[in-house]
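When you line the sequence shown up against this note's numbering, it's residues 68 to 529, in that order.
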Amino acid sequence: MTRKKISTPTVKSFIFLSLMLSVVLSAGSNSFAISGWEQAEKIQSRIKPPVFPNRDFVITDYGAAADGKTCSTEAFKAAIEKASKAGGGRVVVPAGVFLTGAIHLKSNVNLYLSEGAVIKFTDDPNAYLPAVYTRWEGVECMNYSPLIYAYKQKNIAITGKGTLEGNGKKWWPWRRTPQRWADRTKLFEMGRDGVPVEDRQFGGGRLNPNMIEPYRCKNILIEGVTIKNGPFWHIHPVLSQNITVRNVTIVGTGPNNDGCDPESCKDVLIEGCFFNTGDDCIAIKSGRNNDARRVNVPSENIIVRNCEMKEGHAGVAIGSEITGGARNIYVENCKMDDPNQDRAIRLKTNRVRGGFIENVYVRNITVGQVKEAVLLIDFFYQDVEKGDYKPLVRNINLENVTSQKSKHAVFLRGFDDAPIMDVTLTNCTLNNNASPNVISNVKNLVFENVKINGEIVRIIEE
């Protein structure tokens, strides 16, 4: 086995454990990154938020009560129905606290939260029945309705300066119950065995609903609102296209409290958002295992910019439900900094997931401190080493990334028969790395003007 290590005066052994490792230091090798960012401009130009008729439907006109106690589910439903039949407009939530169950959006409706408005979702699971067609941890099923849900709709929005309160603290303990783990195992087995989705019935079980989920929708805008304490993932568009998430604040530190998880989606812009979450701040996904191979739709053409990520498992993650693949991911001008954030950029898969991740471009990222690594690519997610599906990860580019503190600068682990390919770091300064950087099974790893602990990286043969 060939062994190499990166050495600086302050960090003496950056171990490279790889059968297939090529490190190249050469000017001009970032041509792929240049063409990649040009492609990002083309993607951005076609992401257009929906526009709505200038008509308002105020929920208090349909019986909603702003006392935080009276359930207003029927009032929301009536206002949305009226707006949709009229050809669209704003369903307005005025200032006050409105208790409700599931809200189902329809085409051409903008759910608008006025300043001082709070939609407080009930913690009664029966308020999210009957079950709807959804995806849970990457597997399609019939489960509790997401708190805000849309299915096969066009031109929908959630906007304003108000707050969506998911009441997640009542849902989070489900994760520790035996029924939750039994339901989860049963669902994954059904997905593996190809059981028809309509027969995967979990309404009334213990699979927490997602908070906001447009499913097979087009032209989606979520802007300005504060989203708090979802039962599970906060924003989870699935199999949807032309999505803008802008100037949204997401705060929820419960288990599985991902911030924004586009899954099998195309043409997505996430910008100007703040995340403080109990799991990944942003996680790009495309389904799990055999069920995702059946659906076979990647996530592609996704832009993340001008966001701030605090607590979370990762600032931006790709995976682990990545079987359908992900391509053309662009992350720029973001700040990631919290002692409880584990990684800045994380790509995670294994031999059961398989899938591909390609054409990832990251630039102008400021990392204060993260626990584990600034860049982590790991083919051994959840310590799974066996399986029939080799991941493909290639063309990963980081440029102008700075960090002040982490255990590792980079942590890359591929397979000997499926190495990580074409990883480029350019003009990066990664300081206060406490432990050696492990890089295993990487082909064509490129460093251009990379400083680690204050020194330009040098390659030394063992």
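Cβ coordinates follow ideal geometry from the N, Cα and C atoms, glycine included.
Can you name the start and end residues of the beta strand (DSSP E) that LEU336 belongs to? 333 to 338
For the pair the region 193 to 212 and the region 147 to 159, tell me if three or more CB-CB distances fall below 8 Å. no
Exposed or buried, which one is GLN408 when buried takes at least 16 other CB atoms within 10 Å? buried
If you measure between the beta carbons of ASN511 and ASP484, is that distance less than 8 Å? no
Buried or exposed: where does LYS415 fall if 16 or more other Cβ atoms within 10 Å of its Cβ makes it buried? buried
List the endpoints of the continuous beta strand (DSSP E) containing ARG202. 199 to 203
Presumed contact (8 Å Cβ cut-off) between ALA476 and ASN500, rounded CB distance: 5 Å
Cβ contact (3+ pairs, closer than 8 Å) linking the region 242 to 252 and the region 187 to 197: no
Once DSSP output is grouped into helix, strand and coil, what is the label at VAL468? strand
I need the boundaries of the beta strand (DSSP E) containing ALA133, first residue and last residue. Here ALA133 belongs to no beta strand (DSSP E), and DSSP marks it neither H nor E.
Could you give the first and the last residue of the continuous alpha helix (DSSP H) run that contains LYS144? 140 to 152
What first and last residue would you give for the beta strand (DSSP E) that runs through PRO503? PRO503 -> no beta strand (DSSP E), and no H or E assigned at all.
Cα-Cα separation, PHE299 to SER502: 34 Å
As assigned by DSSP and simplified to three states, the class of GLN111: helix
Locate the beta strand (DSSP E) running through PHE255, then write down its first and last residues. No beta strand (DSSP E) holds PHE255; the alpha helix (DSSP H) holding it covers 245 to 260.
Closest by C-alpha distance to ASN467, when choosing among LYS402, HIS301, CYS340, GLY270: LYS402
Starting from ALA359, follow the beta strand (DSSP E) in both directions and report where the run begins and ends. Element bounds for ALA359: not the beta strand (DSSP E) but the alpha helix (DSSP H), 356 to 362.
Looking only at DSSP bridge pairs, what is GLU378 linked to? Answer by DSSP bridge pairing: none, since GLU378 is not bridged.
Between the alpha carbons of LEU520 and PHE514, how many angstroms are there, rounded? Note on residue identity: the sequence assigns Asn, not Leu, to residue 520. Cα to Cα, ASN520 sits roughly 15 Å from PHE514.
With DSSP as the reference, please indicate the residues paired to PRO281 in a beta bridge. ALA217
Cα-Cα, which of TRP248, PRO276, SER181, SER151 is closest to MET209? PRO276
Check whether THR226 and LEU288 have beta carbons under 8 Å apart: yes
Tell me the DSSP bridge mates of THR127? DSSP, once it has assigned bridges, lists no residue as partnering THR127.
Between ALA350 and the rest of its own chain, which residues show a CB-CB distance below 6 Å, the 5 nearest in sequence each way excluded? ASP325, ASP328, ALA384
Does DSSP put GLY319 in a helix, a strand or coil? strand
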